[in-house]
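Peer 1:
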Amino acid sequence: MNHLISLKKLSVSEILDILRDATRLKNGDEYKFNSNLYMTNLFYEPSTRTKISFELAQRKLGINIINFDINNSSMQKGESLYDTVKTIEAMGIHSVVIRHSMEQYYKELIGGCNISIFNAGDGCGEHPTQTLLDLLTIQNEFGSFEGLAITIVGDILHSRVAKSNAEILSRLGVKLYFSGPKEWFDDVCEYGTYIDIEEAIEISDVIMLLRVQHERHKPGQEYLMKNYHEMYGLTLDRERRLKTNCIIMHPAPVNRGVEIDSRLVECKRSRIFNQVNNGVFVRMAAIKHILQHKYGGNFIESSNKKWQSIV
Ligand code: CP
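Just add 4 to wherever you are in the sequence shown, counting from 1, and you've got the numbering used here.
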């Protein structure tokens, strides 16, 4: 496996291996590549969490980062994504992280480029590393996935997080539910069952709220935002009725007062900032998983000394 494009390409066992490595890293183990690896991060769409955590993960792994500023790149002279990636590859960069508004932008790249690609989000398509950090957050909480009731709430149609999460959560044996405006339902809802938000509140072990993706909406959908919080959001009253051990997740950034009452963002049940924290470790583990076989790697013994030697 040379790329991380979609979790559909990974077996459950490979995904659990990445989560296991992420847990070791989180517990203090260290891993550094012994070869001189170079990576570039191409973010054609805005990002805070994904961009910074990829960069932090790369630094912690001893990978050299070559900065790329879209606004001062030859993209401004009309250079295509394909030609940009081919150019980066020709210079000897080993791997690239890409976020782009075009769904499946990677298809033409994989055909013509040899460089390893990490998908940091393709339009409304997929967001595999967000899903890995969501899985780690759920695993940290419940230990396993089988039989958990998880409801994904909100703008499913425009959410790459929903698309990536639904497929693998279903493979992991989760009882998957969807809730929110029916206008924003998508084929991905076939992985689960539609339920009203009030039912979701009663039965869920995890309430996974989605950001309303205003930037992807076509004109004419503004009416869905009227009373969105009251109709579909996590209000203070709904939070009080959640199951005792139910946790709240959200990929963020959060529209406070829309998907969730602002006072709940940091409440006891919220795992929103745990998700962000886990993002660094799953991205380290994912980079290790994809690049170690291609380029070799080495482990540095930490106080925990849990790594198996891989070289
Ligand atoms: N969750 C997420 O992808 O956040 P950013 O857009 O800030 O990277």
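Note that beta-carbon positions come from the ideal geometry of N, C-alpha and C, so glycine has one too.
Just so it is clear, the structure is predicted and the values come from calculations on it, not from any experiment.
Evaluate Q134 with the Cβ neighbour count: other Cβ atoms within 10 Å of its Cβ, from every protein chain shown; 16 or more gives buried, anything less gives exposed.
Peer 2: buried
Peer 1: Would you give the residue range spanned by the alpha helix (DSSP H) that A166 belongs to?
Peer 2: 164 to 175
Peer 1: May I ask you to check if the CB of H131 is nearer than 7 Å to at least one heavy atom of the ligand CP?
Peer 2: yes
Peer 1: Tell me R260's beta-bridge partners as DSSP assigns them.
Peer 2: I264
Peer 1: Cβ of A256 within 7 Å of any heavy atom in the ligand CP?
Peer 2: Yes; taking the cut-off as 7 Å, the Cβ of A256 has a heavy atom of the ligand CP nearer than that.
Peer 1: Are L180 and F149 close, meaning C-beta to C-beta below 8 Å?
Peer 2: no
Peer 1: Which residues in the same chain have their Cβ closer than 6 Å to the Cβ of S15, if we skip the five residues on either side of it in sequence?
Peer 2: Excluding sequence neighbours, S15 sits near nothing in its chain.
Peer 1: Do you know offhand how far A166's Cα is from Y86's?
Peer 2: Cα to Cα, the separation comes out at about 27 Å.
Peer 1: Any heavy atom of the ligand CP closer than 7 Å to the Cβ of R53?
Peer 2: Checking the Cβ of R53 against the ligand CP gives yes.
Peer 1: Do three or more CB pairs link the segment 281 to 298 to the segment 254 to 270 at distances below 8 Å?
Peer 2: no
Peer 1: Give a single yes or no on whether G125 has its beta carbon closer than 7 Å to a heavy atom of the ligand CP.
Peer 2: Checking the Cβ of G125 against the ligand CP gives yes.
Peer 1: Could you give the distance in angstroms between the alpha-carbon of I252 and the alpha-carbon of L240?
Peer 2: 13 Å
Peer 1: Just list the residues that DSSP pairs A153 with in beta bridges.
Peer 2: According to DSSP, which records beta bridges pairwise, A153 is partnered with K179.
Peer 1: Under 7 Å from any heavy atom of the ligand CP, does the C-beta of Q62 make it?
Peer 2: no
Peer 1: Would you mind stating whether T141 and N278 have Cβ atoms separated by less than 8 Å?
Peer 2: yes
Peer 1: Identify which residue in R267, K186, I199, L238 has its Cα closest to the Cα of L228.
Peer 2: K186
Peer 1: At 3 residues or longer, and completely inside the segment 32 to 107: list those beta strand (DSSP E) runs for me, N to C.
Peer 2: 42 to 47, 68 to 70, 99 to 104
Peer 1: What is the rounded straight-line gap between the Cα of Y110 and the Cα of R53?
Peer 2: 21 Å
Peer 1: Return yes when the C-beta of Q217 is under 7 Å from any heavy atom of the ligand CP, and no when it is not.
Peer 2: no
Peer 1: Given K90, which residues of its chain have a CB within under 8 Å of its CB, disregarding the five upstream and five downstream residues?
Peer 2: G116, C117
Peer 1: Mapping the DSSP letters down to three states, classify G237 as helix, strand or coil.
Peer 2: If DSSP states are grouped into helix, strand and coil, G237 belongs with coil.
Peer 1: Which value, in whole angstroms, describes the spacing of the CA atoms of K30 and L136?
Peer 2: 14 Å
Peer 1: Around the C-beta of S84, are 16 or more other C-beta atoms found within 10 angstroms, so that it is buried, or is it exposed?
Peer 2: exposed
Peer 1: Which term fits E243, buried or exposed, when burial requires 16 or more other beta carbons within 10 angstroms of its beta carbon?
Peer 2: buried
Peer 1: Name the DSSP bridge partner or partners of D126?
Peer 2: H104
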